[in-house]
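Chemist: Questions regarding the structure given below will be posed in turn.
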Amino acid sequence: MPEVIVALDVCQHAMPIFHTPHTLIEYHNTKEREVAERLRDATIAVTSAVPITAETIAQCPNLKLICVSIVGVDHIDVQACRARSIRVCNTPAATTEAVAEHAIALYFAAKRNIVRAHNWVISGKEWEHESTAMSAYERLPTPISQDTLGLVGYGKIGQKVEVFARALGMKVLIADRRGIPDASIRDGRTAFDTVLRQSTVLMLTCPLDDSTANMISKKELESMESSCLVINVGRGGLVNEEAIIAALKARTIAGYATDVFPIEPATKKNSLLLSGDIPNLTLSPHLAWYSSESIERQQASIQAIVEGFTNGNCVNRQTGLALNFDMQKPTLRRIRLRLMTWLEPWLSSDEYQFPDTVREKAIHNNRWSRRRPQTLAALLIAVLFILYLLSGSPLPATFHRPYVPYYERSCDHPVSRLVHDAQKSFNATVARQSKSFAEAITEYKRRYQMPPPPGFDKWYEFASRRSTVMIDEFDTIYHAILPFWGLNPSVIRARVREDLGYDNYLMGIIIGNGRPIHLVGGQRSAQKQLWQRDGTLAILKKFAQWLPDMDLPFNEHDEPRVIVAHEDLHRMVTAGKEAQARLNRNSLLEHQFSKGDIIDPILGTWKSRYNDIEKQETWLTSRISCPQGTPARDLDGAAPDNTSAYAINPLGFVFNQTAASDICLNPSLRHRLGIFERPNRFKVTNELVSMFSMSRLSASQDITVPSPYNYERMTDYDIKASFDWEKKKPQLYWRGATTGGNGRKGAWRNLERQRIIANLTQPSSAQYVLQQMEHTACDIGGDSGWELQRVEYARIKSWFNVRFVWITGCEEEDCAEQGEFFGVPLNDDPSNAPSDPPEEAWKYRYLLDMDGHSYSGRFVAFMRSNSLPMKVAFFREWHDNVLVPWVHYAPLNKDVDEVPELMRFFEQDTAGQEIAKTIAEGGQGWANRVLRNEDMEVYMFRLLLE
Numbered sequence: 002m003p004e005v006i007v008a009l010d011v012c013q014h015a016m017p018i019f020h021t022p023h024t025l026i027e028y029h030n031t032k033e034r035e036v037a038e039r040l041r042d043a044t045i046a047v048t049s050a051v052p053i054t055a056e057t058i059a060q061c062p063n064l065k066l067i068c069v070s071i072v073g074v075d076h077i078d079v080q081a082c083r084a085r086s087i088r089v090c091n092t093p094a095a096t097t098e099a100v101a102e103h104a105i106a107l108y109f110a111a112k113r114n115i116v117r118a119h120n121w122v123i124s125g126k127e128w129e130h131e132s133t134a135m136s137a138y139e140r141l142p143t144p145i146s147q148d149t150l151g152l153v154g155y156g157k158i159g160q161k162v163e164v165f166a167r168a169l170g171m172k173v174l175i176a177d178r179r180g181i182p183d184a185s186i187r188d189g190r191t192a193f194d195t196v197l198r199q200s201t202v203l204m205l206t207c208p209l210d211d212s213t214a215n216m217i218s219k220k221e222l223e224s225m226e227s228s229c230l231v232i233n234v235g236r237g238g239l240v241n242e243e244a245i246i247a248a249l250k251a252r253t254i255a256g257y258a259t260d261v262f263p264i265e266p267a268t269k270k271n272s273l274l275l276s277g278d279i280p281n282l283t284l285s286p287h288l289a290w291y292s293s294e295s296i297e298r299q300q301a302s303i304q305a306i307v308e309g310f311t312n313g314n315c316v317n318r319q320t321g322l323a324l325n326f327d328m329q330k331p332t333l334r335r336i337r338l339r340l341m342t343w344l345e346p347w348l349s350s351d352e353y354q355f356p357d358t359v360r361e362k363a364i365h366n367n368r369w370s371r372r373r374p375q376t377l378a379a380l381l382i383a384v385l386f387i388l389y390l391l392s393g394s395p396l397p398a399t400f401h402r403p404y405v406p407y408y409e410r411s412c413d414h415p416v417s418r419l420v421h422d423a424q425k426s427f428n429a430t431v432a433r434q435s436k437s438f439a440e441a442i443t444e445y446k447r448r449y450q451m452p453p454p455p456g457f458d459k460w461y462e463f464a465s466r467r468s469t470v471m472i473d474e475f476d477t478i479y480h481a482i483l484p485f486w487g488l489n490p491s492v493i494r495a496r497v498r499e500d501l502g503y504d505n506y507l508m509g510i511i512i513g514n515g516r517p518i519h520l521v522g523g524q525r526s527a528q529k530q531l532w533q534r535d536g537t538l539a540i541l542k543k544f545a546q547w548l549p550d551m552d553l554p555f556n557e558h559d560e561p562r563v564i565v566a567h568e569d570l571h572r573m574v575t576a577g578k579e580a581q582a583r584l585n586r587n588s589l590l591e592h593q594f595s596k597g598d599i600i601d602p603i604l605g606t607w608k609s610r611y612n613d614i615e616k617q618e619t620w621l622t623s624r625i626s627c628p629q630g631t632p633a634r635d636l637d638g639a640a641p642d643n644t645s646a647y648a649i650n651p652l653g654f655v656f657n658q659t660a661a662s663d664i665c666l667n668p669s670l671r672h673r674l675g676i677f678e679r680p681n682r683f684k685v686t687n688e689l690v691s692m693f694s695m696s697r698l699s700a701s702q703d704i705t706v707p708s709p710y711n712y713e714r715m716t717d718y719d720i721k722a723s724f725d726w727e728k729k730k731p732q733l734y735w736r737g738a739t740t741g742g743n744g745r746k747g748a749w750r751n752l753e754r755q756r757i758i759a760n761l762t763q764p765s766s767a768q769y770v771l772q773q774m775e776h777t778a779c780d781i782g783g784d785s786g787w788e789l790q791r792v793e794y795a796r797i798k799s800w801f802n803v804r805f806v807w808i809t810g811c812e813e814e815d816c817a818e819q820g821e822f823f824g825v826p827l828n829d830d831p832s833n834a835p836s837d838p839p840e841e842a843w844k845y846r847y848l849l850d851m852d853g854h855s856y857s858g859r860f861v862a863f864m865r866s867n868s869l870p871m872k873v874a875f876f877r878e879w880h881d882n883v884l885v886p887w888v889h890y891a892p893l894n895k896d897v898d899e900v901p902e903l904m905r906f907f908e909q910d911t912a913g914q915e916i917a918k919t920i921a922e923g924g925q926g927w928a929n930r931v932l933r934n935e936d937m938e939v940y941m942f943r944l945l946l947e
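For the sequence shown, counting from 1, position 254 maps to 255 in our numbering; every step adds exactly one.
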């Protein structure tokens, strides 16, 4: 199939001609909010400096390669790419010479204070006397031969700068990484702090990451000579702007010249360097890379990368040495990495160089930094070749150096990294919430490119009085409503009236004159309590006085009801965005509700748009909302799940819950989720209608609302029955029924609940945990600091206290088989099932949570407890925007292969014990702030205003 190549803002030159089957789409002036949509169908993305975030990557199911036309990749979420097995390639050699030349030019400009001298000449006022002109120099310039250049960053650019500097007669010091003990300093390198003290010119050419951010700040500047010049052609974030300005004004350094800024393009609003009146400051607008040779090399590199990838031969630069033995064999992989470490100093030409950050990491712990006799190199190459043959890999027609992903590797446990990244993102989200009504309006317009709805002021006051924490996080509402903007409003209203005029298993409520009125319907409890009606009315009464008249259809069923074909949905979204843009241009509409006379009475009708296909296979109907090209739309129905979109192999730790719950990426759910395998109820429409449901699937267009089941506290956490974390039993606990699908004719063996409980209590395959490898495996660039270790189930079975208490949803023969398999006596009455009292759950540290017919009714109660919920979920709910996996609960893969290792890590690893307790207590505290009844009211009010 031809590759879909999407080029974002690669406007400095024409895209090269690719000699492989492809479709090329080019965009310019891409805004951050447009990136995901523009890359939605791309298999290959080519970009310069357009940020590609983890959120964007999650929305691009087909993306396999990101080719960056510049050197830096700090604007690409390489960790998310790594987890998805998306290759990230840059073009580091293309701009080397140009950037190095520009660095030297900035050095001369700062050393001779060219900018100030130029301005004095132009002004015509300062150059009256020779002595006045010479005062442009606060210090007498010294000869170049007396300068000592300190290089921070010794990749290709740093090496080229070194060549130029030595040619000019400068002494050169190459800094080792910050914080490295003196005993570990590599040959040819100098300690970082020593370089700062001894340099008269400090040149920054290193990439930006967590270890280099703000590496030149107040402390570092104070350690430099007052005659020192700082030159930055790396990244703006390497230097603390406030500190460098203070140093310039205090004359503790001689000058600063930079081509890069923390935020680009730099303006007076986002960069202090543009504030004016700063002595000996030289600025250029990130054009160091720009030259005819750079552009030619970029084109050639992009062409080589894309065509190489298409041909299954992806390299970051040019072809080089073959190292293609079996990468899955840990011993061979470690030997390969160590030998590459030794070989690398001899492979001096461009095509044999590692990408700079990987190269530096790979040689961090060895001293082989100088050339050795060529015979030894030949011997090592021979050893590599022998290992290659022993690996059993087929001999390729041509040798090539395999692609080396451009990311940092870590020896931390996968869960530690997931928790760290999630907490960092969560903290940033909380910190950026609006603090005032004016800020909330500004943020609304920024996110959605239109004014907020009428009544937004009332909503904001309502939310503020209820101490709403996440005042801006309502993106789920925007995305649910967006397709409706593509329909005529009269069509939306007419469809609601038709649906409520027929027995479609809907609960109807109207808002009239500021009051909610129940018309018909609603789910009941076993005790005949109309909890859906009572809970919904209780929510609506809190704010109905500020709503216009409206008709509201609520889904009585657990299962979602609206599935629209992707092609239709895409057209409605496109039309919806155009309608929103028109609204944004017409500010008069911002404070207007529709007129009351558009509300027509609800009349009985003889027809229904809903198709009733309960107790039948529903997958083919459900998948029509998936985009073409996704695994769910595979014509043969044989496509595997795209687990790389959401799970870290080999155990499958979930790093993206949104993608993990996307049925379009997981066709195996066809026979695993009860809603696809003969559901008890499935009454759906393929037209877009307003349908308020308590949960939905990724491929359904229901509008999610807070569940009255939770609002009415039908299942709740009893704090009086709670235990301290240390006193809880160190087990994973679950009790439940075989709900979630009809298990007739043996289908129960594939259903999700049955598979999970069977895997945890009677596993049919080997169980694995992770064992930490020797530390050096990470230091030299290994894939991970952990490797699989098989473990006998007898050693881990004590961690699992999970079982069924009631067999249901099956015919007599299938029920008997399930009862025998799971050891559960058959019982027609669930009230007589041998279950535990609800408060029993609070005695356990870990609580398993799974979907049933739809969403889990107990998850909110689990979140309110001080236990750690472990959740397998495919149904999406209203609170997905405010609960963060790995911060508030542990997300699980559908196969739960990672659960034994999670339990081992949480119970037997010191870091894991602390993480487990932190998630449990943090989740409880957060739930008490964002899952209150008041939060459900605030969400519902906002939704109905929209």
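Idealized CB from N, CA, C, for every residue including glycine.
1. Kindly give me the distance between the Cβ atoms of residue 274 and residue 288, rounded to whole angstroms, as I take these residues to be in contact under 8 Å.
2. Would you kindly report the start and end of the unbroken alpha helix (DSSP H) that includes residue 535?
3. Going along the chain, which residues of its own chain have a beta-carbon closer than 6 Å to the beta-carbon of residue 387, five neighbours each way excluded?
4. Can you tell me whether DSSP reads residue 880 as helix, strand or coil?
5. What are the complete beta strand (DSSP E) segments, minimum 3 residues, inside the segment 228-285?
6. From what residue to what residue does the alpha helix (DSSP H) around residue 1 run?
7. Is residue 607 buried or exposed, if buried means 16 or more other CB atoms sit within 10 Å of its CB?
8. Is the CB-CB distance between residue 75 and residue 49 below 8 Å?
9. Kindly list the residues whose CB is nearer than 6 Å to the CB of residue 901, restricted to its own chain and excluding five residues on each side of it in sequence; keep chain order.
10. State the Cα-Cα distance for the pair residue 148 and residue 97, rounded to the nearest angstrom.
11. Does the Cβ of residue 252 have 16 or more other Cβ atoms within 10 Å, making it buried, or fewer, making it exposed?
12. Quick one: is residue 516 buried, meaning 16 or more other Cβ sit within 10 Å of its Cβ, or exposed?
13. Expressed to the nearest angstrom, what Euclidean distance is found between the alpha-carbon atoms of residue 170 and residue 218?
14. Which residue marks the beginning of the alpha helix (DSSP H) containing residue 161, and which one marks its end?
15. Tell me, to the nearest whole angstrom, how far the beta carbon of residue 805 is from that of residue 739; I am working on the premise that it is less than 8 Å.
16. Do residue 469 and residue 881 come within 8 Å of each other at the CB atom, strictly closer than that value?
17. Taking the straight line between their C-alpha atoms, what separation do you get for residue 410 and residue 664?
18. So, are the CB atoms of residue 94 and residue 157 less than 8 Å apart?
19. Just the C-alpha distance for residue 940 and residue 919, rounded to the nearest angstrom, thanks.
20. Give the single residue among 678, 632 and 657 whose Cα lies nearest to the Cα of residue 615.
21. Please look up how many angstroms separate the CB atoms of residue 870 and residue 924, rounded, as I've assumed it's under 8 Å.
22. I'd like to confirm the pairing. Which residues does DSSP put opposite residue 48 in its beta bridges?
23. Per DSSP, which one or two residues make a beta bridge with residue 27?
24. In three-state terms, what does DSSP make of residue 679?
25. What separation, rounded to the nearest whole angstrom, lies between the Cα atoms of residue 368 and residue 163?
26. Are residue 761 and residue 803 close, meaning C-beta to C-beta below 8 Å?
27. Do you know offhand how far residue 846's Cα is from residue 698's?
28. Would residue 3 be called buried (16 or more neighbouring beta carbons within 10 Å of its own) or exposed?
29. Please give me, in chain order, every unbroken run of the alpha helix (DSSP H) with length at least 4 that falls completely inside the segment 686-762.
30. Could you have a look at residue 561 and say whether DSSP puts it in helix, strand or coil?
31. To the nearest angstrom, report how far apart residue 838 and residue 813 are at their CA atoms.
32. Given 8 Å as the limit, is there contact between the segment 651-670 and the segment 720-730, that is, 3 or more CB pairs closer than that?
33. Using the Cα positions of residue 19 and residue 685, report the straight-line distance between them to the nearest angstrom.
34. Which same chain residues, not among the five before or five after residue 651, have their C-beta less than 8 Å away from its C-beta?
35. Which class does residue 1 belong to by DSSP, given the choice of helix, strand or coil?
36. When you compare the segment 885-896 with the segment 862-876, are there three or more beta-carbon pairs, one atom per stretch, that lie closer than 8 Å?
Modeler: Taking the geometry as given:
1. On the sequence shown, residue 274 is found 273 positions in, with the first residue counted as 1. On the sequence shown, residue 288 is found 287 positions in, with the first residue counted as 1. Not really, about 16 Å apart at Cβ, beyond 8 Å.
2. Locating residue 535 in the sequence shown gives position 534, where the first residue counts as 1. Segment 532-541, the alpha helix (DSSP H) holding residue 535.
3. As a working note, residue 387 is residue 386 in the sequence shown. Interpretation of residue 387 is limited by its pLDDT of 49, a score under 50 that renders its predicted location unreliable; no figure is taken from the coordinates.
4. Residue numbering aside, residue 880 sits at position 879 when the sequence shown is read from its first letter. The answer is helix: DSSP assigns residue 880 an H, G or I state.
5. Within the segment 228-285, the complete beta strand (DSSP E) runs of at least 3 residues fall at 230-233, 256-259 and 282-284.
6. Lying before the first or after the last residue shown, residue 1 is absent from the chain, which here runs from 2 to 947.
7. By one-based count along the sequence shown, residue 607 stands at place 606. Exposed is the label assigned to residue 607, since fewer than 16 other Cβ atoms lie within 10 Å of its Cβ.
8. On the sequence shown, position 74 is the one that residue 75 refers to. On the sequence shown, position 48 is the one that residue 49 refers to. Cβ atoms of residue 75 and residue 49: not closer than 8 Å.
9. Start at 1 with the first residue of the sequence shown, and residue 901 comes out as number 900. Counting only Cβ-Cβ distances below 6 Å, and skipping sequence neighbours, we find 768, 770 and 797.
10. Residue mapping note: residue 148 aligns to position 147 of the sequence shown, counting from 1. Residue mapping note: residue 97 aligns to position 96 of the sequence shown, counting from 1. Whole-angstrom Cα-Cα distance: 23 Å.
11. Here residue 252 is taken as the residue at index 251 of the sequence shown, counted from 1. Flag for residue 252 reads exposed.
12. The residue you call residue 516 lines up with position 515 of the sequence shown. Looking at its Cβ environment, which holds fewer than 16 other Cβ atoms inside 10 Å, residue 516 is exposed.
13. Along the sequence shown, one-based indexing puts residue 170 at 169. Along the sequence shown, one-based indexing puts residue 218 at 217. Rounded to the nearest whole angstrom, the C-alpha separation of residue 170 and residue 218 is 29 Å.
14. In the sequence shown, the residue the question calls residue 161 occupies position 160. Its alpha helix (DSSP H) spans residues 157-168.
15. Along the sequence shown, read from residue 1 onward, the residue named residue 805 stands at position 804. Along the sequence shown, read from residue 1 onward, the residue named residue 739 stands at position 738. Right, their Cβ atoms sit about 6 Å apart.
16. On the sequence shown, residue 881 is found 880 positions in, with the first residue counted as 1. On the sequence shown, residue 469 is found 468 positions in, with the first residue counted as 1. No, the Cβ-Cβ distance between residue 881 and residue 469 is not below 8 Å.
17. The residue labelled residue 410 in the question sits at position 409 within the sequence shown. The residue labelled residue 664 in the question sits at position 663 within the sequence shown. Legend: pLDDT at residue 410 = 40, less than 50; position of this residue unreliable, value from coordinates given subsequently. Each residue's alpha carbon lies about 30 Å from the other.
18. Locating residue 94 in the sequence shown gives position 93, where the first residue counts as 1. Locating residue 157 in the sequence shown gives position 156, where the first residue counts as 1. Yes, they are a contact pair.
19. One-based indexing of the sequence shown puts residue 940 at position 939. One-based indexing of the sequence shown puts residue 919 at position 918. Each residue's Cα considered, the two are about 27 Å apart.
20. As a position in the sequence shown, residue 615 is number 614, starting the count at 1. That would be 678, whose Cα lies nearest to the Cα of residue 615.
21. Looking up residue 870 in the sequence shown gives position 869. Looking up residue 924 in the sequence shown gives position 923. The pair is a contact, with the Cβ atoms about 7 Å apart (cut-off 8 Å).
22. Taking the first residue of the sequence shown as 1, we reach residue 48 at position 47. Partner(s): 9 and 69.
23. The count along the sequence shown starts at 1 and reaches residue 27 at position 26. Beta-bridge pairing links residue 27 to 8.
24. Numbered from 1 along the sequence shown, position 678 holds the residue referred to as residue 679. Coil at residue 679, not helix or strand.
25. Taking the sequence shown and counting its residues from 1, one reaches residue 368 at position 367. Taking the sequence shown and counting its residues from 1, one reaches residue 163 at position 162. Only weak support is given to the placement of residue 368: the predicted model assigns it a pLDDT of 34, under 50, and the question is left unresolved by the model.
26. If you number the sequence shown from 1, residue 761 lands on position 760. If you number the sequence shown from 1, residue 803 lands on position 802. Between residue 761 and residue 803, the gap from beta carbon to beta carbon is short of 8 Å.
27. For this step, residue 846 is matched to residue 845 along the sequence shown. For this step, residue 698 is matched to residue 697 along the sequence shown. The alpha-carbon atoms of residue 846 and residue 698 are separated by roughly 29 Å.
28. Position 2 of the sequence shown, counting from 1, holds the residue named residue 3. Residue environment for residue 3: exposed (fewer than 16 other C-beta atoms within 10 angstroms of its C-beta).
29. 709-712 and 753-762
30. What you label residue 561 is simply residue 560 of the sequence shown in a count that begins at 1. Residue 561 falls in the coil class under three-state DSSP.
31. Indexing the sequence shown from 1 puts residue 838 at position 837. Indexing the sequence shown from 1 puts residue 813 at position 812. For residue 838 and residue 813, the gap between their C-alpha atoms comes out near 28 Å.
32. no
33. Working through the sequence shown from its first residue, we reach residue 19 at position 18. Working through the sequence shown from its first residue, we reach residue 685 at position 684. Their backbone Cα atoms lie some 46 Å apart in a straight line.
34. As a working mapping, residue 651 is identified with position 650 in the sequence shown. So the qualifying residues of the chain are 769 and 789.
35. Residue 1 lies beyond the stretch modelled for the chain, which goes from 2 to 947, so this question has no answer here.
36. yes
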